[in-house]
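Participant: Numbering (this note's numbering), first residue to last: 606 to 1114. For reference, the structure I am asking about is given below.
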């Protein structure tokens, strides 16, 4: 059984749509191939942030949320609104996992540690969640030490805002009479997701051994590194107070996005961890906001809510073959997240991960592994083995996060070349190609209000181009990411399930 028409879906991660300006790497790159495709084929814009993707209003989209919505075919309620709702309604104060952490620390008269990304970026965490847990501990009359291990952001927030958040949480702790800052480290180390275990190890030993530069105050520490030109994302390990994670302690990880929390969580709590020699901490109670992988950690504050019938499952149910391919930085997104947050490989699905380059930051190699990815995928397309192929090009997002404009331009030019090669090859075989993105980033690399570099995602919509025979130019005036999966099914000739409330963007004839 074959699809009515084979589909190649290309996700240009972090490539949003915005007017031309001095910080728009997408326009400055002059991507002639993408521009030609836009002018020739049916196209539209898709909402990729805020309520359109299940986030609070005016909250930027991100790769996890984007791929969940792209694969689900409907708006997926995100973890952030769930947590915010629990706090607003007071449900956080009766949370089983949080109460278990408190009970453990009370029973053993031990310390309780809170670690996570301390910012209001809303992608991986939110400072308000730190405050809610501190308030819970204060109202619970916890008499032990509460230490905050802050990961500084500078990626989902402006690059020099750490002091603002540290001051905010410190003031809140003083008001509540509980909690103090123990250590500080940049997310570059604490939140690696690309198996750079030396970075994870530095964060781990900062918490367990307090190995880092010692300062009397966090303000002195941050100012010292700013004077050296170090921004928030890259803060070296900093020790403010003796706050080692020890035997019998409780540790709560407040990040709610799994991909950048998993490695450090495994270092603390996985029974089979062997990526570096860790300390022998006995009877450590560990919990996190969510599962960081299936069943891990065993007890979490907000258990997972699954997407029951994502696109991949629908395609598999009719016996069609599919391929997911990306470089390692975005491999979880075309698999785990696109599959509705499920660690599953369908019976007729193949997955290919191309190693991302081993560089400190991707502005040093804005091409990343795109050409290698192109070459592998081109061979696959030549074999005509798959009815549905999903590929992610990471460049615009990963380089966009560095804030280096010239590198961002090169990143866009790289994916423009790759898209041209793939589209020509796939269309020559009679297939259809959907080109879109999960969120914006590279189109806003300079903050036009203050002239500073902008490393964050954006609120901008993303482009969507659909190229192929038998596709007429009948589009919704504006779509959302949820509309992509129904469009794929429409082109392939598969009935859209009732679980998907997105609408096909095209009419096939």
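In this text, a Cβ means the ideal position worked out from N, Cα and C, and glycines have one as well.
Report back the beta-carbon spacing between residue 692 and residue 737 to the nearest angstrom; my notes put them in contact at under 8 angstroms.
Facilitator: Here residue 692 corresponds to residue number 87 of the chain shown, with the count starting at 1. Here residue 737 corresponds to residue number 132 of the chain shown, with the count starting at 1. The pair is a contact, with the Cβ atoms about 5 angstroms apart (cut-off 8 angstroms).
Participant: Between which two residues does the alpha helix (DSSP H) holding residue 599 run?
Facilitator: Because the chain in this structure spans residues 606 to 1114, residue 599 falls outside the shown range and cannot be described.
Participant: Tell me which same chain residues have a C-beta within less than 8 angstroms of the C-beta of residue 660, skipping the five on either side of it?
Facilitator: Counting from one through the chain shown, the residue named residue 660 turns up at place 55. Counting only Cβ-Cβ distances below 8 angstroms, and skipping sequence neighbours, we find 654, 666, 670, 683, 685, 686 and 727.
Participant: Roughly how many angstroms separate the alpha carbons of residue 932 and residue 832, rounded to a whole number?
Facilitator: Along the chain shown, read from residue 1 onward, the residue named residue 932 stands at position 327. Along the chain shown, read from residue 1 onward, the residue named residue 832 stands at position 227. Going by the C-alpha atoms only, they are around 35 angstroms apart.
Participant: Given a threshold of 16 other Cβ atoms within 10 Å of its Cβ, counted over all protein chains shown, does residue 941 qualify as buried or as exposed?
Facilitator: Translated into positions along the chain shown, residue 941 becomes position 336. Residue 941 should be labelled buried.
Participant: Under a Cβ-count criterion, where at least 16 other Cβ atoms within 10 Å of its own Cβ denotes burial, should residue 845 be classed as buried or exposed?
Facilitator: Indexing the chain shown from 1 puts residue 845 at position 240. Answer is buried; the Cβ neighbour count reaches 16.
Participant: What are the partner residues of residue 1071, as DSSP defines its beta bridges?
Facilitator: If you number the chain shown from 1, residue 1071 lands on position 466. According to DSSP, residue 1071 bridges with 1039.
Participant: Below 8 angstroms on the Cβ atoms is my contact criterion, and I expect residue 902 with residue 870 to pass it. Report the Cβ-Cβ distance as a whole number of Å.
Facilitator: For the purposes of this step, residue 902 is identified with residue 297 of the chain shown, where counting begins at 1. For the purposes of this step, residue 870 is identified with residue 265 of the chain shown, where counting begins at 1. Their Cβ separation, rounded to whole angstroms, is 7 angstroms, which keeps residue 902 and residue 870 in contact under 8 angstroms.
Participant: Counting pairs of Cβ atoms below 8 angstroms between the stretch 787–801 and the stretch 836–851, do you hit three or more?
Facilitator: Because the criterion of three Cβ pairs below 8 angstroms is met, the stretch 787–801 and the stretch 836–851 touch.
Participant: To the nearest angstrom, how far is it from the Cα of residue 859 to the Cα of residue 721?
Facilitator: The sequence position of residue 859 within the chain shown is 254, counting from 1. The sequence position of residue 721 within the chain shown is 116, counting from 1. Between residue 859 and residue 721, the C-alpha separation is close to 5 angstroms.
Participant: What are the boundary residues of the beta strand (DSSP E) that residue 941 is part of?
Facilitator: If you number the chain shown from 1, residue 941 lands on position 336. Looking at the DSSP string, residue 941 is not in any beta strand (DSSP E), and its letter there is neither H nor E.
Participant: Alpha carbon to alpha carbon, what distance is there between residue 757 and residue 651?
Facilitator: Counting from one through the chain shown, the residue named residue 651 turns up at place 46. Counting from one through the chain shown, the residue named residue 757 turns up at place 152. About 31 angstroms.
Participant: Under 6 angstroms Cβ to Cβ from residue 611, same chain only, skipping five residues before and after it: list those, please.
Facilitator: On the chain shown, position 6 is the one that residue 611 refers to. Around residue 611: 992 and 1036.
Participant: In whole angstroms, give me the CA-to-CA distance for residue 1113 and residue 936.
Facilitator: As a working note, residue 1113 is residue 508 in the chain shown. As a working note, residue 936 is residue 331 in the chain shown. Confidence in residue 1113 is poor, its pLDDT being 49 and thus under 50, which makes the residue's placement unreliable; the coordinate value appears in the next sentence. Using only the alpha carbons, I get a separation of about 31 angstroms.
Participant: Rounding to the nearest angstrom, what Cα-Cα distance links residue 965 and residue 748 in this structure?
Facilitator: Stepping through the chain shown from its first residue, residue 965 is reached at position 360. Stepping through the chain shown from its first residue, residue 748 is reached at position 143. Looking at the two C-alpha atoms, the distance is approximately 42 angstroms.
Participant: Going by beta-carbon coordinates alone, are residue 719 and residue 906 separated by less than 8 angstroms?
Facilitator: Here residue 719 corresponds to residue number 114 of the chain shown, with the count starting at 1. Here residue 906 corresponds to residue number 301 of the chain shown, with the count starting at 1. Result no, Cβ atoms of residue 719 and residue 906 do not sit closer than 8 angstroms.
Participant: What's the C-alpha gap between residue 806 and residue 879?
Facilitator: Walking along the chain shown from the start, residue 806 turns up at place 201. Walking along the chain shown from the start, residue 879 turns up at place 274. In a straight line, the C-alpha of residue 806 is about 12 angstroms away from that of residue 879.
Participant: Note down the Cα distance separating residue 997 from residue 711, rounded to an integer number of angstroms.
Facilitator: The residue you call residue 997 lines up with position 392 of the chain shown. The residue you call residue 711 lines up with position 106 of the chain shown. Going by the C-alpha atoms only, they are around 47 angstroms apart.
Participant: Quickly, what does DSSP pair residue 754 with across the bridge? List them, please.
Facilitator: Within the chain shown, numbered from 1, the residue matching residue 754 stands at position 149. DSSP, once it has assigned bridges, lists 720 and 788 as partnering residue 754.
Participant: Excluding sequence positions up to five away, which residues of its chain have a Cβ less than 6 angstroms from the Cβ of residue 1101?
Facilitator: Locating residue 1101 in the chain shown gives position 496, where the first residue counts as 1. Around residue 1101: 1091 and 1094.
Participant: I need the DSSP call for residue 559, collapsed to helix, strand or coil.
Facilitator: The question about residue 559 has no answer here: the residues shown for the chain are numbered 606 through 1114.
Participant: With distance defined between alpha-carbon atoms, name the residue in 751, 1023 and 1071 nearest to residue 977.
Facilitator: Against the chain shown, residue 977 aligns to sequence position 372. Comparing Cα-Cα distances from residue 977 to each of 751, 1023 and 1071, the minimum goes to 1023.
Participant: List the endpoints of the continuous beta strand (DSSP E) containing residue 856.
Facilitator: Numbered from its first residue, the chain shown carries residue 856 at position 251. That run of the beta strand (DSSP E) goes 855–858.
Participant: Closer than 8 angstroms, CB to CB, is residue 914 near chain D or not?
Facilitator: The displayed structure is made up of one protein chain only, and chain D is not part of it.
Participant: Considering only C-alpha positions, which residue in the set 875, 673, 631 and 868 is nearest to residue 911?
Facilitator: Along the chain shown, read from residue 1 onward, the residue named residue 911 stands at position 306. Considering only alpha carbons, the answer is 673.
Participant: Residue range of the beta strand (DSSP E) that residue 622 falls in?
Facilitator: To locate residue 622, count along the chain shown from 1; it is residue 17. Note, residue 622: premise wrong, no beta strand (DSSP E); not H, not E.
Participant: Could you give the distance in angstroms between the alpha-carbon of residue 630 and the alpha-carbon of residue 1017?
Facilitator: As a working note, residue 630 is residue 25 in the chain shown. As a working note, residue 1017 is residue 412 in the chain shown. Each residue's alpha carbon lies about 7 angstroms from the other.
Participant: Is the separation between the beta-carbon of residue 1104 and that of residue 679 shorter than 8 angstroms?
Facilitator: For the purposes of this step, residue 1104 is taken as residue 499 along the chain shown, with counting starting at 1. For the purposes of this step, residue 679 is taken as residue 74 along the chain shown, with counting starting at 1. Yes, the pair counts as a contact, with Cβ atoms nearer than the cut-off.
Participant: Output needed for residue 808: all residues of its chain with C-beta closer than 7 angstroms, excluding positions within five of it in sequence on either side, in chain order.
Facilitator: Your numbering for residue 808 matches position 203 in the chain shown. Here the set comprises 790, 794, 795 and 869.
Participant: Using a Cβ-Cβ cut-off of 6 angstroms (strictly less than) and excluding sequence neighbours within five positions of residue 972, which residues of its own chain qualify?
Facilitator: As a working mapping, residue 972 is identified with position 367 in the chain shown. So the list reads 1019, once near-sequence residues are dropped.
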